[in-house]
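Heads up: the sequence shown begins at 1115 in my numbering, then just goes up one per residue. Using N, Cα and C, we set each Cβ at its ideal position, and we do this for glycine too. Since this is a predicted model, take the numbers as computed values, not measurements. Everything on this sheet refers to the single structure shown next.
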Amino acid sequence: MPIPDLSDTPLSQIIRELERELRSANTAAFWILDPDRCRGLYAGERLTLGDKAYHCRSWRAWNDLAAQLGCRLLTPERHDAQRLLLRIEKLRHENSFHREKQSEKYDPKSTFARIRKNEEPAFYLPYLRSLHRLGVESRERILALGPNRGDELEPIFASGFRGEILGIDLSAPALREAQTRFGSRLRTCVQDLNRLAELPPERFDLILSIGTLQSPAIELKPLIMHLVQQRLSSDGAILLGWPNARWQEGELIYGARPRHYSFSELSLVIKDLFWIKKYLQQHKFRVVITGREYLFLEATKIGVGSG
1115 MPIPDLSDTP LSQIIRELER ELRSANTAAF WILDPDRCRG LYAGERLTLG
1165 DKAYHCRSWR AWNDLAAQLG CRLLTPERHD AQRLLLRIEK LRHENSFHRE
1215 KQSEKYDPKS TFARIRKNEE PAFYLPYLRS LHRLGVESRE RILALGPNRG
1265 DELEPIFASG FRGEILGIDL SAPALREAQT RFGSRLRTCV QDLNRLAELP
1315 PERFDLILSI GTLQSPAIEL KPLIMHLVQQ RLSSDGAILL GWPNARWQEG
1365 ELIYGARPRH YSFSELSLVI KDLFWIKKYL QQHKFRVVIT GREYLFLEAT
1415 KIGVGSG
């Protein structure tokens, strides 16, 4: 079958052609105008080269298209001075830790254990910026809820932070791995987050939880109220993160997808974030929500500098 030239094709037609091809094959190949020739132009603007006009699209547009079609964009090949050959490849839905049994999802030998969030720019940079806005390097005591093996703690220790972190998680093997990584500056405790009231009274000047509170096993509202009223110091800050993405065959794919949904559906995430923001504002916190693949809620006491 000849490879189609989509260099001068509207996006709606490109999508139809690629969807038709992907219904019967795992990959689709097509020619495009070299995106490097499109710098400074908007998507869909036309560029005349010789006697032909081409639709312009950036690399990001082609990468976004592949992701929206449930594919990854493969390394392009050059055809001539104007055009490149692109291939997209379907991602296998079954190759994802989200499909594993709940009891096995976060085991050190699970698919989840292969994920390195700090190597994903869509996670790492927004997270790092949130930490800096909250002045993490000047904090003294941090409570980390559900840190697993401690990936989100790594940039904290690298920031110049000289205090102590208490990490609370249900997975003893994951906490042992985190303890090995960070040594005596990390205290660990195996405990159900719904039962924090059973632990000795301690207060912290930063409470952190990334990718944990969306679990259906977490009693979110009582937990947030306990943290604010019983665990946070008077000038403390909060940083909470929700995944607005899913991991599939090694790729971080934008858009939360609840069980039994074939598309991204954000109402549960938005509901949780709205309730927490409203509750914190009632307790005199300034709250901002940032991020994309991960949504980060930052809260600082009104009238207290954030560093």
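Pairing S1172 with Y1238, the inter-Cα distance amounts to about 24 Å. L1366 and E1234 have their C-alpha atoms spaced approximately 8 Å apart. Closest in C-alpha terms to V1402, from the list V1383, L1353, Y1368, comes L1353. L1183 is positioned such that its CB atom lies no closer than 8 Å to that of E1191. Scanning its chain for C-beta atoms nearer than 7 Å, with the 5 sequence neighbours on each side dropped, one finds around V1250 the residues I1270, S1273, F1275, L1320, in chain order. Look at S1252 here: in three-state DSSP terms it is helix.
Contact fails between the region 1336 to 1355 and the region 1372 to 1383, because fewer than three Cβ pairs, one in each stretch, are under 8 Å apart.
Within 10 angstroms of the beta-carbon of K1415 lie 16 or more other beta-carbons, which makes it buried. Distance between S1121 and L1380, taken at the CA atoms: about 34 Å. Separation of D1150 and R1186 (C-alpha to C-alpha, rounded to the nearest whole angstrom) is 20 Å. In the structure shown, E1191 falls within a strand segment according to DSSP collapsed to helix, strand and coil. With fewer than 16 other beta carbons inside 10 angstroms of its own, T1141 counts as exposed. Taking the Cα positions, E1254 is about 33 Å away from R1360. Under the three-state reduction of DSSP, R1134 is assigned to helix.
Per DSSP, the beta bridge partners of A1413 are I1352, V1401. The three-state reading of DSSP puts H1246 in helix, counting H, G and I together. Rounded to the nearest angstrom, the gap between the Cα atoms of A1331 and L1289 is 19 Å.
The alpha-carbon separation between R1228 and E1135 amounts to approximately 32 Å.
Annotated three-state conformation of S1126 is helix, per DSSP.
Counting along the chain, E1268 sits inside the alpha helix (DSSP H) bounded by residues 1268 to 1272. Sequence-distant partners of I1202 (beyond 5 residues in either direction) whose C-beta falls short of 6 Å from its own C-beta, in its chain, are A1142, A1180, C1185, L1187. Looking at the DSSP output, Q1293 sits in no beta bridge, so it has no partner there.
The beta carbon of Y1368 lies closer than 6 Å to those of A1359, E1407 in the same chain, with the five residues before and after it left out. For E1312, the secondary structure class from DSSP, reduced to helix, strand or coil, is helix. According to the DSSP assignment, Y1156 belongs to no alpha helix (DSSP H), since it is labelled neither H nor E.
When C-alpha distances from K1231 are compared across L1267, R1206, S1347, E1159, the shortest belongs to L1267. As a beta-bridge residue in DSSP terms, H1169 pairs with R1160. Setting aside the 5 residues that flank it on each side, T1404 is surrounded in the same chain by P1240, R1243, S1244, F1410, E1412, each with a C-beta closer than 8 Å to its C-beta; the list follows chain order. When DSSP states are grouped into helix, strand and coil, E1233 belongs to the helix group.
The closest CA to that of P1124, considering only R1317, H1169, D1178, L1313, is found on H1169.
Judged by DSSP in its simplified three-state form, D1178 adopts helix. In the three-state DSSP reduction, D1386 falls in the helix class (H, G or I).
A residue is called buried once 16 or more other Cβ atoms fall within 10 Å of its Cβ, and C1303, having fewer, is exposed.
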